[in-house]
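Protein sequences, first through last, are from chains A, B, C and D.
Its first residue numbered 45, the first sequence is counted upward by one per residue in this note's numbering.
Its first residue numbered 45, the second sequence is counted upward by one per residue in this note's numbering.
Its first residue numbered 45, the third sequence is counted upward by one per residue in this note's numbering.
Its first residue numbered 45, the fourth sequence is counted upward by one per residue in this note's numbering.
There are 4 protein chains.
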Amino acid sequence: MAGNTFGTVFTVTSFGESHGPAIGCVVDGCPPGLALTEADIQRELDRRKPGTSRHVTQRREPDTVEILSGVYEGMTTGTPIALLIRNVDQRSKDYGNLVETFRPGHADYAYTMKYGRRDPRGGGRSSARETAVRVAAGAIAKKWLRERHGVVIRGFMAQLGPIEIPFVSWEHVEQNPFFAPNLELVPELERFMDALRKAGDSVGARLTVVARGVPPGWGEPVFGRLDAEIAAAMMSINAVKGVEIGDGFAVVTQRGSEHGDELTPQGFLSNHAGGILGGISTGQDVVVHLAVKPTSSIRLERRSIDLRGVPTTVATHGRHDPCVGIRATPIAEAMLALVLMDQALRHRAQCGDVVPPLSPVPALSPGATGSIPSPL
Amino acid sequence: MAGNTFGTVFTVTSFGESHGPAIGCVVDGCPPGLALTEADIQRELDRRKPGTSRHVTQRREPDTVEILSGVYEGMTTGTPIALLIRNVDQRSKDYGNLVETFRPGHADYAYTMKYGRRDPRGGGRSSARETAVRVAAGAIAKKWLRERHGVVIRGFMAQLGPIEIPFVSWEHVEQNPFFAPNLELVPELERFMDALRKAGDSVGARLTVVARGVPPGWGEPVFGRLDAEIAAAMMSINAVKGVEIGDGFAVVTQRGSEHGDELTPQGFLSNHAGGILGGISTGQDVVVHLAVKPTSSIRLERRSIDLRGVPTTVATHGRHDPCVGIRATPIAEAMLALVLMDQALRHRAQCGDVVPPLSPVPALSPGATGSIPSPL
Amino acid sequence: MAGNTFGTVFTVTSFGESHGPAIGCVVDGCPPGLALTEADIQRELDRRKPGTSRHVTQRREPDTVEILSGVYEGMTTGTPIALLIRNVDQRSKDYGNLVETFRPGHADYAYTMKYGRRDPRGGGRSSARETAVRVAAGAIAKKWLRERHGVVIRGFMAQLGPIEIPFVSWEHVEQNPFFAPNLELVPELERFMDALRKAGDSVGARLTVVARGVPPGWGEPVFGRLDAEIAAAMMSINAVKGVEIGDGFAVVTQRGSEHGDELTPQGFLSNHAGGILGGISTGQDVVVHLAVKPTSSIRLERRSIDLRGVPTTVATHGRHDPCVGIRATPIAEAMLALVLMDQALRHRAQCGDVVPPLSPVPALSPGATGSIPSPL
Amino acid sequence: MAGNTFGTVFTVTSFGESHGPAIGCVVDGCPPGLALTEADIQRELDRRKPGTSRHVTQRREPDTVEILSGVYEGMTTGTPIALLIRNVDQRSKDYGNLVETFRPGHADYAYTMKYGRRDPRGGGRSSARETAVRVAAGAIAKKWLRERHGVVIRGFMAQLGPIEIPFVSWEHVEQNPFFAPNLELVPELERFMDALRKAGDSVGARLTVVARGVPPGWGEPVFGRLDAEIAAAMMSINAVKGVEIGDGFAVVTQRGSEHGDELTPQGFLSNHAGGILGGISTGQDVVVHLAVKPTSSIRLERRSIDLRGVPTTVATHGRHDPCVGIRATPIAEAMLALVLMDQALRHRAQCGDVVPPLSPVPALSPGATGSIPSPL
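So, in structure tokens, the structure goes:
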């Protein structure tokens, strides 16, 4: 399958460049009978859209979505759902100087070597603008997962550059532009970003995404494992360089007697596994962490070469997020939703009428502590 | 596509249970005209096979591979290559007590909830034995990548539990059963493992895998990105809980001015990106790190439930690797090879006759330092 | 892969309902560097569009295509190409009576039983209007195949109801609204259609599509055979009920000594195979025939049931083609182009650097006669 | 997906050459809990196996199947089911003369031009021997379809060369080596074949396959249509050159008032559609016809060229079926089963909990007549 389609039976086929006429996608395989309006999708898009604070790009995109197909009288019909978002605030001239040079750390060079050419306006297809489409498609998956299975998917920023953000409350997350789960730290985050912006530099971030209510049994070993597909989904987001499930890299120093989550009839006693064992969901919270690298488009001058291979320097003066991690939380949620929905349908395909020999064990036994805070 | 096929145009379809008659796979889409014998594959299988030291499972499996199809007079013909490995040392009775209970941290419970039943003998399909097949298939990909593109793929153990293993030399890697790139540390690793085995416990590990010589241009944004597929490939290996490309989670605290790899006509000045930008290879070393969790089958007694949901305790007395990370290096290499080969062919499909406007920049400028040691 | 994506590496993902806001598709995997404008696509769309003669539906759709992505400065970039066609002449009230009843021979009933609901306006997704999108996508494939490989794809109407249309010339085909290769017969076809329209009935047709210049070697046995994918492509067109390759059903009474196409260094001596052997192109003309059933929406009253299962009668008074076969030639050409292009890229993926041991044999030896006229 | 995997969620990956060590396949995505033994599969294999009468190849292959995985204690577990059939009666020397020449009408030439080489022993991968694997995999699908949905799939020979075989009874079909539904005609068929064999020639055949009991709703428009996938499945069988659904090519001369199957609460009044409308099953019999060409390997001498392009003549003296259509009935049944099973699971994936607004209409109203005899 070509590279811009995601999923196996619930699929998203994405298109669009940053400064082309539009971005959008086709969502195929959606179950019929799901109530769906543009407002359902717009709500999620608004969480990601640019220009909502001084800490993100000042490009003014309303990101208004139009449903072109697949919905009739407010309900999905089972046919493909096409979503269209027109680009309205292109300023391609800002990028004039980038047509001929490669930004260090940017996809410019790789695209040129692969395709022999690229659309340089605003990063073209490699722009983070493309991720708006994922959020739109993810909104459909989120809605179905919640209504059909009670699954709730939420994310937060766990670290901004050097500042770790201890989890306090999900309510805090939607009350600040960082998706920080800790309002007390927001002033510090703002000061950090203000200084960074002034310096013309950028910074990385660490995010956590959690799906609560996933029933046991989703995932298709050995290659279509739930964790494998989550890893691909997260790593496919621009700027992500690392993915962890559950304890992630902390497992390196753990012992088996510490890591393996014990079971009781009242529930698991911990969740080191992050809700996935053998590539299949266990019924516990699915917990995912990701590392987002610093934006490559910065104002500081850096060494590079141009299209003829001649040495030069590059500084980027367009409108850019100094920390792409800030707006990445809704994207990561959306990607997790897309994976889970596809897996839910694939599980139903193969095992639709299976009756397991025992009832699912509760996610966490009362009083149990996971190695990460249980956030939902 | 069902869950046991990997790849898009170069595909591996895997089958087999730990204590069934055989494991194996079908490799489809392999270019014709590749010289291939069973010895080519056996060499890689022997690197992973059990029983090679006291630090791994003592199950005696020769892992002898038979090529059933797709090769004629020592050359691939372009038709599917079926590989068969008979299981010869099953001792299913060792697992008698596990038929009715779920090992904490093991896939037992998840498999049962998904499929309503499972083959409990030796872990069935969830056993790490399945990964022998990946190594076999990966041997074909490795050979083609080396002969056709000069790509060399190698891996090593970077950390065993608490013991970090500084990289010294690739030559060391094949001279010890840990795949440690540092022979001086091997006695310490052995003492650690001896104590661990005596304790009846298990431990995690951190591995690094590197592909040198990958040309720029492989990868299919935005969902078939090279990094996304590597992440899926690694996370699909039993026990892996985290994957990093290049600097991985270290990017969280980095600034853009530090992270973005500068280019000169003489080469890149660093390799923080791990050889992938925008989901496409840059021509630098592709550098991947993974975290392997401690084995869940341990001798220590742990709380669990049985098939009727009744509380019980479990201790595992079969033959198990106390650190599955020890034998995982060849597996990780194989998975990286499978991803790269599939991407190489897909790139040729879409862009086969593209001539980029400039010659590839060398991987590393003389005197440049990457953030990780350049190991090949 | 969900049901609205066609192809493996060159893919088309289609969306849209007859009376929704728009129809369109995403073409992914297209090689970069192909010169492409909306005019290239419009030319093909205009061949299929409604209202071009009194023998087809009188719905007035300009079928104006907009390229939303994937093209920069008149060249494809390798990223997904989204094509959008707005619907402008919906008259959904014409279909008011069909909301509650099922037309005999129409997809109404099947859609309702599958999805539990359907968009009844103009047939929704099951409308032949959907095929405009295939023609648009096919225009891209046709252009690439012609420019890169010299492949020319053309089709014609071979029979309209009882009237067989002997092939005279390709030049005739584009000079009449039936795509008949024989201008002399056009008055008879017109009289037939005028009478049929007056009678309120519809009729079937037989089409032939030919691809000339396909090099030997395209096709992926045993399931991705070229003929298998052509069969799927043709049968996926609304109203098609039969597909033949080469001699098709005539082979039933043939002997091997008659059917097998002999080879000489000067060329094949016949083309009973229709250019495909063992699922792989031979270099001869790829010849495909298809049977198109009579339109199910007719003015004559017929017995049916309504949404509650109560008996009723149905007659359709909207704007319909009395013979959908008339406009189907460009659609069949497009589907053949899509299959060939995908197979061309897949062949390049697997066998890109294969050098066969001999030069291709010419398609037809001078003086040879195929069992069907060689039409290009 | 590479060319030797069939299906989307229920997949079959096939391998093996005629004279290699073995043929076989991996069936993935099978629901767990299906009772399955080798005897279930052997029964179907025995219907297709060679040497059962003087009218087919005299190669002695017991076609004994071994289940290598995916079944535990007589039940499928949901993991991949690998099936292995060892080749035991190779006589590769019979084919010595074919190494260097191309049989007219055979895949020899096409394989050589595609792959640059081929396994010439017994036709290698292009041999009809490969279809044994389809029958084996199809046996699993047939069993699940029958047990889970009451679907029964049967086929028969409708015409052998010039001899049309009017349908009399399904009971006759299994009582003669031709799968003729009419025992009275069997002596004539035998005389015809005896003369043909003596003449050293071969002949074509026409088969019909029917699936009874398919519920309405299977099929994924617009590209994953049920009829499209059936067409691909049938055309992927060696030697098939034409496929029809329902009335097939007879629709060309039909009128809409004749073709469209009227509905009543008591059932459809006819089945011209062959059980599929809009690419979705209607609940009526799914009726498929196929044309099988005459075997290309014949004793009569024919003109061809050799590997260096030099003119020569070829006559084939190995063991061949003079009419491959004779043994093709079980293969066509198997392919129909594979399509239906995959579609059943995909339908369950997307629409698993849909409740249609009305009960399915019976397949045929009492007293109704279809355009083909209703054979089950």
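Even glycine gets a Cβ: it sits at the ideal position worked out from N, Cα and C.
Buried versus exposed, by CB contacts within 10 Å (16 or more), residue i
i	result
Val266 (chain C)	buried
Ile416 (chain D)	With a pLDDT of 47 at Ile416 (chain D), under the threshold of 50, the modelled position of that residue is not reliable, and the figure given next carries that caveat. Looking at its Cβ environment, which holds 16 or more other Cβ atoms inside 10 Å, Ile416 (chain D) is buried.
Gln441 (chain C)	Absent from the structure is residue 441 (chain C), since the part of chain C shown begins at 45 and ends at 420.
Thr81 (chain B)	exposed
Pro419 (chain A)	Interpretation of Pro419 (chain A) is limited by its pLDDT of 45, a score under 50 that renders its predicted location unreliable; the figure taken from the coordinates is listed afterwards. Pro419 (chain A) comes out buried.
His361 (chain D)	exposed
Ser62 (chain C)	buried
Ala172 (chain D)	buried
Ser213 (chain C)	exposed
Gly414 (chain C)	Confidence is the limiting factor: at Gly414 (chain C) the pLDDT is only 49, short of 50, which leaves the residue's position unreliable, though a coordinate-based value still follows. So Gly414 (chain C) ends up on the buried side.
Arg98 (chain D)	exposed
Unbroken beta strand (DSSP E) run spanning residue i, endpoints
i	result
Thr373 (chain B)	Looking at the DSSP string, Thr373 (chain B) is not in any beta strand (DSSP E); the run it does join, the alpha helix (DSSP H), is Ala372 to Cys395.
Asp305 (chain A)	Segment: none, Asp305 (chain A) is in no beta strand (DSSP E) and carries neither H nor E.
Asp72 (chain A)	Ala66 to Asp72
Lys337 (chain A)	Careful: Lys337 (chain A) lies outside any beta strand (DSSP E) and carries neither H nor E.
Ala249 (chain B)	Ala249 to Arg256
Phe59 (chain C)	Thr55 to Gly60
Thr121 (chain A)	Segment: none, Thr121 (chain A) is in no beta strand (DSSP E) and carries neither H nor E.
Residue i vs residue j beta-carbon contact at 8 Å
i	j	result
Gly306 (chain D)	Arg346 (chain C)	First, the residue type needs correcting, since residue 306 (chain D) is Glu and not Gly in the sequence shown. In contact: Glu306 (chain D) and Arg346 (chain C) (Cβ atoms closer than 8 Å).
Val53 (chain A)	Leu389 (chain A)	yes
Asp365 (chain D)	Thr356 (chain D)	no
Pro210 (chain B)	His216 (chain B)	no
Val405 (chain C)	Asp329 (chain C)	no
His193 (chain D)	Gly257 (chain D)	yes
Asp291 (chain A)	Lys285 (chain B)	yes
Gly322 (chain D)	Ala151 (chain C)	yes
Thr120 (chain D)	Pro221 (chain D)	no
Cys74 (chain A)	Ala180 (chain A)	no
Pro30 (chain C)	Gly300 (chain D)	With chain C running from 45 to 420 in the structure shown, residue 30 (chain C) is simply not present.
Leu204 (chain D)	Cys367 (chain D)	yes
Given residue i as reference, the closest of the options once Cα atoms are compared
i	options	result
Gly166 (chain D)	D:Gly353, D:Asp133 and D:Tyr159	D:Asp133
Thr175 (chain A)	A:Leu408, A:Leu189, A:Ser97 and A:Glu88	A:Glu88
Asn315 (chain D)	D:Leu408, D:Asp238 and D:Arg241	D:Leu408
Arg162 (chain B)	D:Ser170, D:Tyr116 and D:Arg371	D:Tyr116
Arg103 (chain D)	D:His391, D:Asn131, D:Val296 and D:Ala272	D:Asn131
Ile129 (chain C)	C:Pro65, C:Gly77 and C:Ser171	C:Pro65
Phe146 (chain C)	C:Pro401, C:Gly244 and C:Val354	C:Val354
Leu402 (chain C)	D:Gln203, D:Glu144 and D:Ala79	D:Glu144
First through last residue of the alpha helix (DSSP H) which encompasses residue i
i	result
Gly182 (chain D)	Thr175 to His193
Glu288 (chain A)	No alpha helix (DSSP H) contains Glu288 (chain A), which is instead part of the beta strand (DSSP E) from Val284 to Ile289.
Val230 (chain A)	Val230 to Ala243
Validate contact between the region 174-186 of chain B and the region 373-384 of chain B using beta carbons, cut 8 Å, 3 pairs: yes
Are the region 114-130 of chain B and the region 146-160 of chain B touching by the rule of at least three beta carbon pairs closer than 8 Å? no
Inter-stretch contact (C-beta, 8 Å, three-pair minimum) for the region 45-64 of chain D and the region 54-70 of chain B: yes
Should the region 371-379 of chain A be called in touch with the region 195-205 of chain A, which here means at least 3 C-beta pairs below 8 Å? yes
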